[in-house]
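Asks: These protein sequence lines map, in sequence, to chains A and B. According to the numbering used here, the first sequence holds residues 210 to 823 in order. According to the numbering used here, the second sequence holds residues 149 to 224 in order.
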Amino acid sequence: MVEVLEKTARLALLGAPNCGKTSLFNALTGGRAKVANYPGVTVEYRKGEFELPHGQGVELLDLPGVYGDCGHSMDERVAIDAVRGNLEGERRPDGLIFMMDASHITTHLHNVLQAKNYGLPIVLVLNMMDMAARDGIDIDISQLEALLGIPVISCVAVRATGRAHLLDFLNEWSGDLLHGSASVPEPEGDVLKELQAKARTITGGAVSRIEQAETFTQRIDKIVLHPVIGLVILLTILFVMFQAVYTWSGPAMDMIEGGIGLLQMGVSSVLTDGWLKSMISDGIIAGVGSVLVFLPQIIILFAFILLLEASGYMARAAFLVDTLMAKVGLNGRAFIPLLSSFACAIPGIMAARTIEQERDRITTILIAPLMTCAARWPVYFLIIGAFIPAKKVGVFSQQGLVAFGLVIVGIVFAMIMAFIFKKTLMQGAKSTLLIELPSYKMPVFKDYLRGLWDRGMIFINRAGRIIMPASIAIWFLASYPTKASGIAETFAGKIGGVIEPLLKPIGFNLEIAISLIPAMAAREVAVSSLATIYALQDTQTDALSGIISASWTLPTALAFLAWFVFAPQCLSTFAIIKKETNGWKWPLFAFGYLFVLAYAAAGITYHTARAFGL
Amino acid sequence: MTLRDLPKNTPARIQGFEAGDSELETRLREIGFAEGDQVEALHFGLFGRNPMSVRLNGALIALRKSEAGAVIVEAL
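Put into structure tokens, the structure is as follows:
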């Protein structure tokens, strides 16, 4: 017996998208994988471990959601390969936990019949039983067990009391799995039509539904999914979001700026003048501080985004804009990858794996970098703060309007480029949409705060991991061999001088040319590099926005903003494009087209602004 | 009639699937469309009623015309 207990039972979480697999995975293993209320959040398998109440160790595999056993898209194939034992370097699971949203038992029950064909011991876990009861669905669990011939457990994955049943069951079952005494279900055959008929007979015997006049979700959807009112609501939400970013962030930003100032004063009083003091004060504090000061804006932005994701609204947004996406030939499934790209293009590009048609997947990958990622915000915030007066237009903040506009410009160009790609390089693929719109849910407060915390920490960690080393490097290059006669005589000035002639026609100065090079590591490094360059030139410790509003012209600033809408920067993005498309062709193409657009946009903006005498 | 031409708020019963695209039929079946089920079109996109969302056994499913055209229905 002892040796059995030392062995770990391996279980896999299988089931339709958005039925709560990752929520259960996080709850059991203490994991922090991203959860949201829309299909297609999980696109990779992940492993976690936990211990059952009686001490048995369990290794749990969280899999992307999949309806059947065909594997239409890359993420679905990962799930099916995992269950079949075809994943490289991964042992086949000992048993399957088949999760199902209890409210959808009638539509999805045939999926569990299909899963019986895998020939592994299997348990059906009906999740969100509380929501099903709310919608008037009554499930006779023991009757269902008898008709299906497999164990059935009711569950509410996000609550400890809701998981108790499942843990009790796993306590027994994991032992049976390791002894090889767990029963393996009879295969059901693979003709879908017959499985559906059988499933309908089973639900007829074990599920009763009290038809309700109208559920809560249906009542809301009448307004939210209205073709015109719904779009107005969506735009209003986005609009309010950017207004809030500007109107609510002030006090917190002032505090951070004050703290940075104190730190710099402390450093000056402790250290004597010399290279060390300059490196810490002008390099690290000025550089890292110039980006960290925008943390409040990032938090407010994600406070909105995470709320919309958890509530189930984002899938509605996907429905509302699909009418436009269909017009430009984009796949309906492209919405979620593009939405993810507002945090960072990297998870967004990976999320494109849910798109079945390869050409649609590549098109989506190519336009994902046009979504306004979190790394662009410090650039936007800096320039908007320095050049756009904090005035109100009516009741609206003018700065919020400009930020909103920049995001919209990115989206519009993404749609235009998608249209062009689909008409030229990516012809032929038929674009499709077939998704389930989830019921609205109250976000789990703990998960919500944790998600927000994680987003904030990602921003802060980047400051330590990328911006600090970059700031030190820029400090060195902009200080030596001598900075006495200005930036042009330093290493940084010489390097920047090479590309400056290319950028001069679009209104960029030497400082900008220098800052764009390290910004290849991460877009916000453009801000920290400018902070360090100007801190070295300037003896008084002014805020960066004050310095550039005094030394840049408005056309230059606007051209810089236009450049960053496209910003062919961020090596990690090109690296992930290479990985996801297996070659150099698409990352080079993406860089090329983004560079051309960025250059043209900056140039047109610069010369137009000058022509208008700005 | 196919689901793509079903007027709003008109309950209909699924009769079968258009032959010719077995991959699409599989995907429609997998997500839950089956003969005998009742469907009702609830919402439409702004341009050309595309996409549409339909109620099917308590679930709300969004699909484009190209998918809806493969589901044969009869209004009740």
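C-beta atoms are modelled at their ideal positions from N, C-alpha and C, and glycine is treated no differently.
What residues are listed by DSSP as bridge partners for residue 417(A)?
Replies: Taking the first residue of the first sequence as position 1, residue 417(A) is located at position 208. When beta bridges are read from the DSSP output, residue 417(A) appears opposite 347(A).
Asks: So, helix, strand or coil for residue 337(A), using DSSP?
Replies: Taking the first residue of the first sequence as 1, we reach residue 337(A) at position 128. Three-state result, residue 337(A): coil.
Asks: DSSP three-state label for residue 717(A), please.
Replies: On the first sequence, residue 717(A) is found 508 positions in, with the first residue counted as 1. DSSP places residue 717(A) in coil when its eight states are reduced to three.
Asks: Which runs of the beta strand (DSSP E), 3 residues or longer, sit entirely within the stretch 643-678 of chain A?
Replies: Complete beta strand (DSSP E) runs here, min 3: 643-646.
Asks: So, is residue 165(A) buried or exposed, given that buried needs 16 or more other C-beta atoms within 10 angstroms?
Replies: Chain A is shown only over 210 to 823; residue 165(A) falls outside these bounds and no answer can be derived.
Asks: Just curious, the beta strand (DSSP E) that residue 462(A) is in, first and last residue?
Replies: By one-based count along the first sequence, residue 462(A) stands at place 253. Not the beta strand (DSSP E): residue 462(A) falls in the alpha helix (DSSP H), residues 459-479.
Asks: How would you list, in chain order, the residues of chain B whose beta-carbon sits under 9 Å from the beta-carbon of residue 344(A)?
Replies: The count along the first sequence starts at 1 and reaches residue 344(A) at position 135. Residues of chain B passing the Cβ test: 206.
Asks: Would you check if there are 3 or more beta carbon pairs closer than 8 Å linking the stretch 347-355 of chain A to the stretch 377-388 of chain A?
Replies: no
Asks: Can you tell me whether residue 297(A) is helix, strand or coil according to DSSP?
Replies: If you number the first sequence from 1, residue 297(A) lands on position 88. It is coil, neither helix nor strand.
Asks: With DSSP as the reference, label residue 602(A) as helix, strand or coil.
Replies: Locating residue 602(A) in the first sequence gives position 393, counting from the first residue. The answer is strand: DSSP assigns residue 602(A) an E or B state.
Asks: Could you list which residues in chain B have their beta carbon closer than 7 Å to that of residue 639(A), in chain order?
Replies: By 1-based counting over the first sequence, the position of residue 639(A) is 430. Within chain B, the residues near residue 639(A) are 214.
Asks: Please list, in chain order, the chain A residues whose beta carbon lies closer than 7 Å to that of residue 155(B).
Replies: Taking the second sequence and counting its residues from 1, the one referred to as residue 155(B) is at position 7. Simply none; closest approach about 15 Å.
Asks: For the structure I just gave you, are there three or more beta carbon pairs, one from the stretch 544-562 of chain A and one from the stretch 251-263 of chain A, closer than 8 Å?
Replies: yes
Asks: Give me, in chain order, the residues of the same chain whose beta-carbon lies closer than 6 Å to that of residue 339(A); leave out the 5 immediate sequence neighbours on both sides.
Replies: For this step, residue 339(A) is matched to residue 130 along the first sequence. Excluding residues within five positions, the ones whose Cβ falls inside 6 Å are 365.
Asks: Does residue 201(B) get closer than 8 Å to chain A when you measure Cβ to Cβ?
Replies: Here residue 201(B) refers to the residue found at position 53 of the second sequence. Closer than 8 Å to some Cβ of chain A, the Cβ of residue 201(B) qualifies, so yes.
Asks: Which residues of chain B have a Cβ atom closer than 8 Å to the Cβ of residue 528(A), listed in chain order?
Replies: Counted from its first residue, the first sequence places residue 528(A) at position 319. Here the neighbours are 191, 193, 199, 201 and 210.
Asks: Please name the residue, chosen from 539(A), 623(A), 222(A) and 580(A), that lies closest to residue 567(A) on a Cα-to-Cα basis.
Replies: Here residue 567(A) refers to the residue found at position 358 of the first sequence. It is 539(A).
Asks: Since residue 331(A) and residue 394(A) should fall inside the 8 Å C-beta cutoff, what is the C-beta to C-beta distance between them, to a whole number of angstroms?
Replies: Within the first sequence, residue 331(A) is the residue found at index 122, counting from 1. Within the first sequence, residue 394(A) is the residue found at index 185, counting from 1. About 6 Å; that satisfies the 8 Å criterion.
Asks: If residue 315(A) sits next to residue 205(B), beta carbons under 8 Å apart, how far is it from one beta carbon to the other, in whole angstroms?
Replies: By one-based count along the first sequence, residue 315(A) stands at place 106. By one-based count along the second sequence, residue 205(B) stands at place 57. With 8 Å as the limit, residue 315(A) and residue 205(B) qualify as a contact, their Cβ atoms being about 4 Å apart.
Asks: Is the beta carbon of residue 579(A) closer than 8 Å to that of residue 769(A)?
Replies: Taking the first residue of the first sequence as position 1, residue 769(A) is located at position 560. Taking the first residue of the first sequence as position 1, residue 579(A) is located at position 370. The answer is no: Cβ separation not under 8 Å.
Asks: What are the residues of the stretch 618-647 of chain A that lie near chain B, defined by any Cβ-Cβ distance shorter than 7 Å?
Replies: 639, 641, 642, 643, 644, 645 and 646
Asks: Please list, in chain order, all residues of the same chain as residue 222(B) whose beta carbon is under 8 Å from its beta carbon, the five residues on each side excluded.
Replies: Working through the second sequence from its first residue, we reach residue 222(B) at position 74. So the list reads 149, 160, 161 and 163, once near-sequence residues are dropped.
Asks: Based on Cα-Cα distance, which residue from 669(A), 592(A) and 822(A) lies nearest to residue 860(A)?
Replies: The first residue shown for chain A is 210 and the last is 823, placing residue 860(A) beyond what the model contains.
Asks: Within its chain, find whatever has a CB closer than 8 Å to the CB of residue 647(A); leave out the 5 residues flanking it on each side and keep chain order.
Replies: By one-based count along the first sequence, residue 647(A) stands at place 438. 227, 246, 247, 248, 521 and 524, listed in sequence order.
Asks: Quick check: what's the CA-CA separation for residue 239(A) versus residue 402(A)?
Replies: Numbered from its first residue, the first sequence carries residue 239(A) at position 30. Numbered from its first residue, the first sequence carries residue 402(A) at position 193. Rounded to the nearest angstrom, the two C-alpha atoms are 40 Å apart.
Asks: Taking the straight line between their C-alpha atoms, what separation do you get for residue 817(A) and residue 596(A)?
Replies: Taking the first residue of the first sequence as position 1, residue 817(A) is located at position 608. Taking the first residue of the first sequence as position 1, residue 596(A) is located at position 387. If you take the alpha carbons of residue 817(A) and residue 596(A), they lie about 17 Å apart.
Asks: Using the C-alpha atoms, what's the distance from residue 656(A) back to residue 358(A)?
Replies: Residue 358(A) sits at position 149 when you count from the first residue of the first sequence. Residue 656(A) sits at position 447 when you count from the first residue of the first sequence. Their backbone Cα atoms lie some 35 Å apart in a straight line.
Asks: Ends of the alpha helix (DSSP H) at residue 831(A)?
Replies: The structure shown does not extend to residue 831(A), since chain A is modelled only from 210 to 823, so the question has no answer here.
Asks: Can you have a look at residue 320(A) and say buried or exposed, based on whether 16 or more other CB atoms are within 10 angstroms of its CB?
Replies: Counted from its first residue, the first sequence places residue 320(A) at position 111. Classification of residue 320(A): buried, given that the 10 Å Cβ count is 16 or more.
Asks: For the stretch 514-541 of chain A, which residues have a CB atom closer than 7 Å to at least one CB atom of chain B, in sequence order?
Replies: 528, 531, 532, 535, 536 and 541
Asks: In angstroms, rounded to a whole number, what distance separates the CA positions of residue 616(A) and residue 778(A)?
Replies: Here the question's residue 616(A) lines up with position 407 in the first sequence. Here the question's residue 778(A) lines up with position 569 in the first sequence. About 17 Å.
Asks: Under 9 Å Cβ-Cβ, which residues of chain B neighbour residue 277(A)?
Replies: By one-based count along the first sequence, residue 277(A) stands at place 68. Simply 174, 175, 177, 178 and 179.
Asks: With a 10 Å radius around its C-beta and 16 neighbouring C-beta atoms as the bar for buried, classify residue 531(A) as buried or exposed.
Replies: As a first step, residue 531(A) must be located in the first sequence, where it is residue number 322. The residue is buried, with at least 16 neighbouring Cβ atoms inside 10 Å.
Asks: Determine the burial state of residue 689(A): buried for a count of at least 16 other Cβ atoms within 10 Å of its Cβ, exposed for fewer.
Replies: As a working note, residue 689(A) is residue 480 in the first sequence. That one is exposed.
Asks: Tell me whether the beta-carbon of residue 182(B) lies closer than 8 Å to the beta-carbon of residue 405(A).
Replies: For the purposes of this step, residue 182(B) is identified with residue 34 of the second sequence, where counting begins at 1. For the purposes of this step, residue 405(A) is identified with residue 196 of the first sequence, where counting begins at 1. In this structure, residue 405(A) lies closer than 8 Å to residue 182(B) by Cβ.
Asks: Leaving out the 5 sequence neighbours to the left and right, which residues in its chain are closer than 8 Å to residue 486(A) when beta-carbon positions are compared?
Replies: Looking up residue 486(A) in the first sequence gives position 277. Cβ within range, chain order: 476, 477 and 480.
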